Amino acid sequence: MIDGGGWPTYVVLGRQGSGKGVQCERLAARFGSAHVSTGDALRAAVRAQTRLGRLVEPSLVRGALVADDLVTGIIADRLALARSTRSGVVLDGFPRTVAQADQLETLLAPRSIHLAIHLDVPPSVALDRLFQRRVCAACNNSGPATTCERCGSATDVRADDTPAAIGQRMTEYAREAEPLLAWFETRSLLATIDGIGTPNAVTARVAAAVSASRMAGTAA
Ligand code: AMP
Numbered sequence: 010m011i012d013g014g015g016w017p018t019y020v021v022l023g024r025q026g027s028g029k030g031v032q033c034e035r036l037a038a039r040f041g042s043a044h045v046s047t048g049d050a051l052r053a054a055v056r057a058q059t060r061l062g063r064l065v066e067p068s069l070v071r072g073a074l075v076a077d078d079l080v081t082g083i084i085a086d087r088l089a090l091a092r093s094t095r096s097g098v099v100l101d102g103f104p105r106t107v108a109q110a111d112q113l114e115t116l117l118a119p120r121s122i123h124l125a126i127h128l129d130v131p132p133s134v135a136l137d138r139l140f141q142r143r144v145c146a147a148c149n150n151s152g153p154a155t156t157c158e159r160c161g162s163a164t165d166v167r168a169d170d171t172p173a174a175i176g177q178r179m180t181e182y183a184r185e186a187e188p189l190l191a192w193f194e195t196r197s198l199l200a201t202i203d204g205i206g207t208p209n210a211v212t213a214r215v216a217a218a219v220s221a222s223r224m225a226g227t228a229a
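FYI, the numbering for the sequence shown is 10 to 229, going by this note's numbering.
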């Protein structure tokens with residue numbers, strides 16, 4: 010099940026506010042991989058008002074999921090690039106549904122996903138984080154501060170971090186998460202990590218899960 014190649018594909022799963030973005034960024038840095046966030050790609054398309062951006066903007070503002078084929082198209086392009094450069098990818102926000110997971114499996118074949126890391130955070134903790142979250146337009150860092158702690162630029166509230174859109178996104182997550190986690194579990198690809206604690210504490214748990222899966226892959 011574990012693909013032992015040098016350009017791994019990791020998936021990071023978790024509800025909104027679970028800290029996926031930070032952990033994906035760190036995991037990608039560790040492997041020299043690309044951090045591929047479908048949410049970031051869609052927001053960039055909206056900012057640039059491309060055809061895709063205009064199409065998905067109403068769904069993003071509402072906090073509703075975008076059609077599977079649109080996000081799968083983004084992922085297919087990024088995986089093709091990774092394949093041509095033989096570099097790894099860390100997927101952030103994809104797959105969100107079982108249909109997307111099936112499409113990912115097909116896109117990767119004959120290779121496979123290395124590991125899906127599920128950052129487990131209860132809704133109450135995630136909601137607290139989301140209601141405080143501000144994002145830096147310059148470097149994409151997020152946190153509660155009005156000035157980015159990483160680059161010093163001004164931060165802003167994300168367009169979909171409104172109470173209504175947060176509610177909608179949490180509802181979507183509740184509907185899709187269980188079958189999606191089960192999809193990974195049945196393939197022995199799931200590592201569930203406690204997502205509560207400082208980013209560094211969570212990173213240490215992610216690193217331990219990744220090392221354990223690589224050891225298992227070597228032993229297999
Ligand atoms: P995120 O930044 O991951 O919270 O995603 C922001 C928004 O982008 C979501 O609320 C959806 O509207 C859309 N989106 C991101 N990834 C996906 C996906 N895999 N499938 C469908 N919609 C997505």
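From the three backbone atoms N, C-alpha and C, an ideal C-beta is built for every residue, glycine too. Since we're looking at a predicted model, the values are computed, not measured.
Any non-hydrogen atom of the ligand AMP closer than 6 Å to serine 162 Cβ:
A distance criterion of 6 Å places the beta-carbon of serine 162 beyond contact range of the ligand AMP, judged by its closest non-hydrogen atom.
7 Å Cβ cutoff met for tyrosine 182 and arginine 35
No, the Cβ-Cβ distance between tyrosine 182 and arginine 35 is not below 7 Å.
Of all the beta strand (DSSP E) runs that stay within the bounds of the segment 119-164, which reach a length of 3 or more residues?
Complete beta strand (DSSP E) runs here, min 3: 124-129 and 143-145.
What are the residues that DSSP puts in a beta bridge with isoleucine 202?
Partner(s): Leu128.
Name the DSSP bridge partner or partners of valine 99?
Beta-bridge analysis with DSSP links valine 99 to Tyr19 and His44.
Is arginine 105 close to the ligand AMP? I mean its beta-carbon at under 6 Å from any heavy atom of the ligand.
Because some heavy atom of the ligand AMP lies under 6 Å away, the Cβ of arginine 105 counts as near it: yes.
When the Cα atoms are used, what is the spatial distance from cysteine 157 to leucine 113?
Approximately 34 Å, taken between the alpha carbons.
Should phenylalanine 140 be labelled buried (16 or more other beta-carbon atoms within 10 Å of its own) or exposed?
Residue environment analysis places phenylalanine 140 among the exposed positions, since fewer than 16 neighbouring C-beta atoms fall within 10 angstroms of its C-beta.
Where serine 68 falls: helix, strand or coil (DSSP)
Residue state, collapsed to three classes: helix.
Can the beta-carbon of aspartate 101 be found less than 7 Å from the beta-carbon of arginine 142?
No. Outside cutoff.
Within a Cβ cutoff of 8 Å, which residues of the same chain sit near valine 70, ignoring the five residues on either side of it in sequence?
Excluding sequence neighbours, valine 70 sits near Ala168, Asp169 and Ala174.
Taking 6 Å as the cut-off, is the CB of valine 144 close to at least one heavy atom of the ligand AMP?
Not so, every heavy atom of the ligand AMP lies at least 6 Å from the Cβ.
Whole-Å CB distance - valine 215 paired with isoleucine 122, under 8 Å assumed
In fact, because the Cβ distance is near 15 Å, the residues do not count as touching under 8 Å.
Would you tell me roughly how many angstroms separate the C-alpha atoms of serine 197 and alanine 163, rounded to the nearest one?
Looking at the two C-alpha atoms, the distance is approximately 43 Å.
Below 6 Å, is the gap between the Cβ of serine 232 and the nearest heavy atom of the ligand AMP?
With the chain covering 10 to 229 only, the question about residue 232 has no answer from this structure.
Secondary structure at threonine 106, three-state DSSP: helix, strand or coil?
If DSSP states are grouped into helix, strand and coil, threonine 106 belongs with coil.
Close Cβ partners of glycine 56 (< 8 Å) along its chain, the five nearest in sequence each way excluded
A small correction: the amino acid at residue 56 is arginine; glycine does not occupy that position in the sequence shown. Excluding five sequence positions before and after arginine 56, the CB atoms of its chain that fall closer than 8 Å to its own CB belong to Gly62, given in chain order.
May I ask you to check if the CB of glycine 152 is nearer than 6 Å to at least one heavy atom of the ligand AMP?
No.
Proline 119 versus proline 17 - alpha carbon distance:
For proline 119 and proline 17, the distance between alpha carbons rounds to 13 Å.
Along the chain, where does the alpha helix (DSSP H) containing glutamine 177 start, and where does it finish?
Taken as a continuous stretch (DSSP letters only), the alpha helix (DSSP H) holding glutamine 177 covers 172-195.
Report back the beta-carbon spacing between proline 208 and glycine 28 to the nearest angstrom; my notes put them in contact at under 8 Å.
Right, the Cβ-Cβ distance comes to about 6 Å (below 8 Å), so this counts as a contact.
Which of the three DSSP states is assigned to arginine 39 in this structure?
Helix at arginine 39.
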